[in-house]
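These protein sequence lines map, in sequence, to chains A and B. In terms of this note's numbering, the first sequence opens at residue 1 and continues consecutively. In terms of this note's numbering, the second sequence opens at residue 285 and continues consecutively. What follows is a single structure, written as structure tokens, with notes after it.
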Amino acid sequence: MNKRSYKLESQEIKKVMVLMTVLIAAYSVLSVVCAFAESRSTSGLALTLRVILILVSALGIICTGIFMVRRFYGILFTDEGLIKFSFPVNNSGHLKNNFRLAVMWLGLQMLIFIACLGISEYVGKESVPLGPVGSYTGLVNSYKINWMGEYMSAPGAKAMAAFVIMAAALAVITVNVYISFIFTLTVSNRICGKYNILQKNGVILITGLAMFNIHLLVSWLLTRIEIMFNMGFLFTDKGFTVFGPDGAFVRDIEGPLVYILIYGATAVIMYRICKNILDKKLDI
Amino acid sequence: MSKLLECKGLSHAYGKKRALDDISFSVESGKIVGLFGPNGSGKTTLIKMIAGMIHDENGAVSICGNPVGEKSKSVVSYSPDRMAFAAGRKVSDLLDMYELMYEDFDRKSAEDKLRDFGIEISDYVGKLSKGNAEKLQVILTMSRKAKLFLLDEPFNGLDPVARENVIRIMIGCVPEDSSLIISTHQIGDIEQMLDEAIFIKDGGIVFHRSVDEIRSETGKSLSETYMEEYR
């Protein structure tokens with residue numbers, strides 16, 4: 001990253017900092033209160049607080065995504081872009097910058113969320129339920145057993161490896177969804193510029209709906225593939241049992257890998273198209 | 285004198301309407317150039333192309349020998365035809381932003397000029413009057429030691445006294461080896477400071493000549509020539 005891109009990024013970091021600080025403070029307070037409630041044996045309250053923590057974190061991740069997409073919208077569709085695109089960085093530098101920050105903030109929030117669950121788990125008495133993964137404690141123990149060399153239990157190792165692959169697949173899907181929004185805005189900008197359409201929000205809506213339908217179609221196709229070949233990931237029963245004691249990792253790695261491949265490839269294609277439009281066909 | 289800006293075969297269309305049609309011209313360093321034409325003649329599109337806001341795949345813009353991009357933008361200071369700063373931003377934030385992004389930005393000079401115009405650094409852009417907001421944009425643009433200054437309609441919303449002050453800033457801020465391209469309808473106000481004038485109409489250049497030449501050949505002021513040309 002050159003010096004100017006770094007400066008641009010530091011500007012953007014400042015903008016998101018307030019939102020991030022509020023969200024991180026909310027997670028931290030909730031997790032500590034949650035842990036305190038558990039330590040006082042008020043498990044009903046603790047469970048409620050955990051549900052709130054999970055909801056707040058989901059909301060936080062969505063808000064961060066919307067905030068970052070809005071930043072990009074501001075550059076492309078408002079007068080702010082006239083100043084931003086005159087900065088001495090390549091036009092696609094703004095895309096790179098936005099994308100990198102979005103991935104960084106979203107990733108950070110997910111890590112903080114896991115850490116907060118960890119805090120409440122460590123201080124509290126009960127295991128934090130993590131759906132198909134089992135519990136946070138289970139996951140940490142599995143990691144200790146299989147990576148720290150205490151035991152070499154095969155099912156635990158498979159569960160851990162499958163968890164990593166699944167987390168990677170979910171991360172790639174998240175990135176793909178984010179890029180889809182950015183792609184919608186960039187393509188809409190191109191359409192508005194080329195055909196001199198002033199109703200930019202209408203164009204964004206139509207392009208966004210088209211993208212949504214393409215996403216639905218791809219998801220549907222992937223589901224069919226997953227079910228047809230009985231691969232375990234999101235949509236088959238096998239997918240939900242993959243982390244259990246009998247999880248068949250060797251077979252089930254295929255499901256998440258197909259998702260990583262398809263969503264990863266389409267994300268790269270969309271990113272390249274956006275970069276090309278910004279560098280060679282910008283019209284603001 | 286060396287060519288600071290060179291535009292070759294620039295064209296651009298908005299849908300079916302051609303905004304620019306195969307425009308070519310060059311500007312040498314140290315010149316103050318007026319860009320004139322009626323509304324919709326392509327002035328803003330041309331300035332945006334030079335500033336890198338609009339791309340033309342066929343034509344070429346070269347600034348100090350560099351195509352439009354990171355290098356060219358580091359020597360171009362551009363003020364758009366409308367307020368481009370968000371209302372919720374403080375003047376001090378903008379100063380920070382310009383200082384961070386442009387190595388040639390003279391913060392002290394900008395602060396002095398803002399003080400002269402009665403603009404507080406702690407003010408929010410949204411709280412400024414239309415005229416003061418316009419002055420702020422011009423001051424930030426002109427407080428750089430850029431090679432090429434691009435001002436698109438810098439007198440929007442300014443009263444005659446403020447216009448005179450902005451002109452004073454413009455003249456005082458342009459380094460000797462830098463050039464300034466200014467697009468405005470207030471020809472009479474800036475006529476005395478201009479070296480060259482470019483008249484454009486329907487996306488094409490009508491003429492690009494030195495102002496002294498125009499005056500001596502026609503025996504008329506630039507404003508009168510403009511009225512004659514476009515009436």
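Cβ coordinates follow ideal geometry from the N, Cα and C atoms, glycine included.
Give every residue of the same chain whose Cβ lies closer than 6 Å to the Cβ of residue i, excluding the five residues on either side of it in the sequence, and list them in chain order.
i, result
"F235/A", "For F235/A, the predicted structure reports a pLDDT of 48, less than 50, and the residue's modelled location is therefore unreliable. The matter cannot be settled from this model."
"Y73/A", "L185"
"G149/A", "Residue placement at G149/A is poorly supported in this model, since its pLDDT is 48, which falls under 50; the coordinates still yield a value, given next. Cβ neighbours of G149/A beyond the five flanking positions: none."
"M367/B", "A417"
"D365/B", "T328, D436, E437"
"P256/A", "I165, M166, A169, F233"
"F192/A", "A quick correction: the sequence has Cys, not Phe, at residue 192/A. Within the same chain, C192/A has close Cβ partners K200, V203."
"K315/B", "S463, D479, E480"
"Y408/B", "K374"
"M152/A", "Because M152/A sits at a pLDDT of 45, beneath the cut-off of 50, its placement in the model cannot be relied upon, and the following sentence gives the value as read from the coordinates. Cβ within range, chain order: n/a, list empty."
"A26/A", "V56"
"C457/B", "M426"
"R4/A", "P88, V89"
Interface residues of chain B around residue i at Cβ under 8 Å?
i, result
"I83/A", "P364, A368, F369"
Do we get a CB-CB distance below 8 Å when we pair residue i with the residues of chain E?
i, result
"K280/A", "The chain inventory of the structure shown lacks chain E, comprising the protein chains A and B."
May I ask you to report which of helix, strand or coil DSSP gives residue i?
i, result
"H339/B", "coil"
"V359/B", "coil"
"V291/A", "Chain A is shown only over 1 to 284; residue 291/A falls outside these bounds and no answer can be derived."
"C348/B", "coil"
"D496/B", "helix"
"D79/A", "coil"
"E437/B", "coil"
"S406/B", "coil"
"I260/A", "helix"
"K504/B", "coil"
"Y386/B", "coil"
Under 7 Å Cβ-Cβ, which residues of chain A neighbour residue i?
i, result
"G314/B", "What G314/B touches in chain A: nothing, since even the nearest Cβ is about 22 Å away."
"Y408/B", "Those do not exist, as Y408/B stays about 15 Å from chain A at its closest Cβ, beyond 7 Å."
"S358/B", "P88"
"E298/B", "Before going on, a small fix: residue 298/B reads as Tyr here, not Glu. N196, listed in chain order."
Short of 7 Å in beta carbon distance, which residues of its chain neighbour residue i, apart from the five on each side in sequence? Order them along the chain.
i, result
"K414/B", "G441"
"K292/A", "Missing from the structure shown is residue 292/A; chain A here goes from 1 to 284 and no further."
"D388/B", "R428, K429, A430"
"S188/A", "K200, V203, I204, T207"
"S393/B", "S427"
"N97/A", "S5, L8, E9, E12"
Residue i touches chain B at which residues, Cβ-Cβ below 9 Å?
i, result
"E80/A", "A368, F369, A370"
Just to make sure I have the definition right: I need the residues of chain B whose C-beta is within less than 7 Å of the C-beta of residue i. Which are they?
i, result
"Q11/A", "M381, L384"
"K7/A", "L384, M385"
"R70/A", "Result: empty, since nearest Cβ-Cβ is about 12 Å, beyond 7 Å."
Rounded to whole angstroms, how far is the Cβ of residue i from the Cβ of residue j, which I believe are closer than 8 Å?
i, j, result
"A481/B", "R499/B", "Between R499/B and A481/B the Cβ distance is about 10 Å, and since that is not below 8 Å, they are no contact."
"S310/B", "E341/B", "About 21 Å; that fails the 8 Å criterion."
"G326/B", "V352/B", "That pair is no contact at about 17 Å."
"C348/B", "L288/B", "6 Å"
"I262/A", "L76/A", "Incorrect: roughly 27 Å between the Cβ atoms, too far for contact."
"L304/B", "G487/B", "5 Å"
"V445/B", "K419/B", "With a Cβ gap of about 11 Å, V445/B and K419/B do not count as contacting."
"L111/A", "C63/A", "About 17 Å; that fails the 8 Å criterion."
"M333/B", "V317/B", "Not confirmed; about 15 Å, so no contact."
Going along chain A in order, which residues have a C-beta closer than 9 Å to the C-beta of residue i?
i, result
"G336/B", "F85, S86, N91, L282"
So residue i contacts chain A; which residues on that side make the cut at Cβ distance below 8 Å?
i, result
"K301/B", "N196"
Could you name the residues of the same chain whose beta carbon sits closer than 8 Å to that of residue i, not counting the 5 residues immediately before and after it, in chain order?
i, result
"R190/A", "I277, K281, D283"
Examine the Cβ distances between the stretch 350 to 369 of chain B and the stretch 415 to 429 of chain B and report whether three or more of them are shorter than 8 Å. yes
Quick check: the stretch 64 to 81 of chain A against the stretch 95 to 106 of chain A, are at least 3 beta-carbon pairs closer than 8 Å? yes
Does the contact criterion of 3 or more C-beta pairs under 8 Å hold for the stretch 459 to 477 of chain B versus the stretch 392 to 410 of chain B? no
Can you confirm whether the stretch 78 to 93 of chain A touches the stretch 105 to 119 of chain A when touching is taken to mean that 3 or more C-beta pairs between the two stretches lie within less than 8 Å? With fewer than three CB-CB distances shorter than 8 Å, the stretch 105 to 119 of chain A does not count as touching the stretch 78 to 93 of chain A.
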